[in-house]
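Numbering (our numbering), first residue to last: 10 to 335.
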């Protein structure tokens, strides 16, 4: 009688069922962690953005479609009436738009050009280099109210420094608050003085990351410093220039504090006796706090948002086109 050895052999020992279940559960948790934990890490940002970004925008859209006012207990839906009135029947709004874009151009273009030249000068080896780099940052930390007060004294009609200089060379004094273009220029110089150093520091930090080998190779080829600046430095700074241009566009079209504090006497939101330097944000606050038309103010805010988005896109495309051409 023969014996079946394979049938009689005992089964190979294996891991207990509990251990296999534990390992399977751990593997499942690991897969879930790898799949969903990144979303949990970024969730706080989106929660904060939803509370302080999405909700205000959504509320502004809703209120712009109504006649919301603290003077009325009822709220009526008016649709696009606020936008139609704003665009077709409100010359004061368009006056504020012209003022805003005028001061934006007078301040932003010289501001970025001066910042670029200043950063290029500070990027070279200078005596007291650290002192100069710290000095250009001083206007950033200076209170806007103090800056406006000083510049208001500089551009004063009767005893201002600028009019004294004009009188010393035989020119008539200028009423900087009454004249439209003069007020634009005065406010623009205030903005430039405050933010040129900020942009220069950004450009300087970007210049530090440019490889020195590129300048050495250009110098060996006989390129002058001016040629190196336009052929190497500016193209390498293209992303930084686009960034500062967009940021300056956003800040320039939201200009508020400088023209408000430049006004002498009461009625600061009016931007002068004839609104000669009233900006869009000043007009927005005037509609909301003086006329108590919150729905109409919401329409102004949305139109300003669209203008900023359009100008930022145009500046981005122009900066890319100019840089690529060079």
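Virtual Cβ for every residue (Gly too), placed ideally from N, Cα, C. Source: prediction; values computed, not measured.
Beta-bridge partners of residue i, as assigned by DSSP
i	result
residue 75	86
Coil, strand or helix - residue i by DSSP
i	result
residue 14	Residue confidence is low: residue 14 scores 47 on pLDDT, short of 50, so the model does not pin down where it sits. Its coordinate-derived value is still stated next. Three-state result, residue 14: helix.
residue 185	coil
residue 277	helix
residue 288	coil
residue 337	The structure shown does not extend to residue 337, since the chain is modelled only from 10 to 335, so the question has no answer here.
residue 218	coil
residue 172	helix
residue 145	coil
residue 282	coil
residue 167	coil
residue 263	coil
Own chain partners of residue i with C-beta closer than 7 Å, once the 5 adjacent residues on each side are dropped
i	result
residue 163	169, 170 and 171
residue 250	328
residue 11	Here residue 11 scores only 48 on pLDDT, less than 50, and its place in the model should not be relied on; the value that follows carries that caveat. So the list is empty, once near-sequence residues are dropped.
residue 245	219
residue 80	301
Expected contact under 8 Å - CB spacing of residue i and residue j to nearest Å
i	j	result
residue 141	residue 131	6 Å
residue 214	residue 145	The pair is not a contact, with the Cβ atoms about 13 Å apart (cut-off 8 Å).
Other residues of its chain near residue i: CB distance less than 6 Å, five sequence neighbours each side excluded
i	result
residue 285	189 and 192
residue 183	191
residue 15	Any reading at residue 15 needs caution, since the residue's pLDDT is 49, under 50, leaving its predicted position unreliable; the model's value is listed next. Result list for residue 15: empty, nothing under 6 Å.
residue 117	257 and 261
residue 160	199
Contacts around residue i, its chain only, beta-carbon distance under 8 Å, and the 5 residues preceding and following it disregarded
i	result
residue 321	255, 258 and 259
residue 325	251, 254 and 255
Contact between the region 70-84 and the region 285-304 (3+ Cβ pairs under 8 Å) = Pairwise C-beta distances place the region 70-84 in contact with the region 285-304, as three or more of them are shorter than 8 Å.
May I ask you to verify whether the region 261-268 touches the region 193-206, counting CB pairs closer than 8 Å and requiring at least 3?
-> With the cut-off at 8 Å, the region 261-268 and the region 193-206 touch.
So does the region 51-65 actually touch the region 288-299, counting three or more Cβ pairs closer than 8 Å?
-> Output reads no: the region 288-299 does not touch the region 51-65.
Can at least three beta-carbon pairs, one atom from the region 97-108 and one from the region 240-259, be found at a separation below 8 Å?
-> The region 97-108 is not in contact with the region 240-259.
contact_flag[the region 86-101, the region 66-74] where n(CB pairs < 8 Å) is 3 or more = Result yes; three or more Cβ-Cβ pairs closer than 8 Å.
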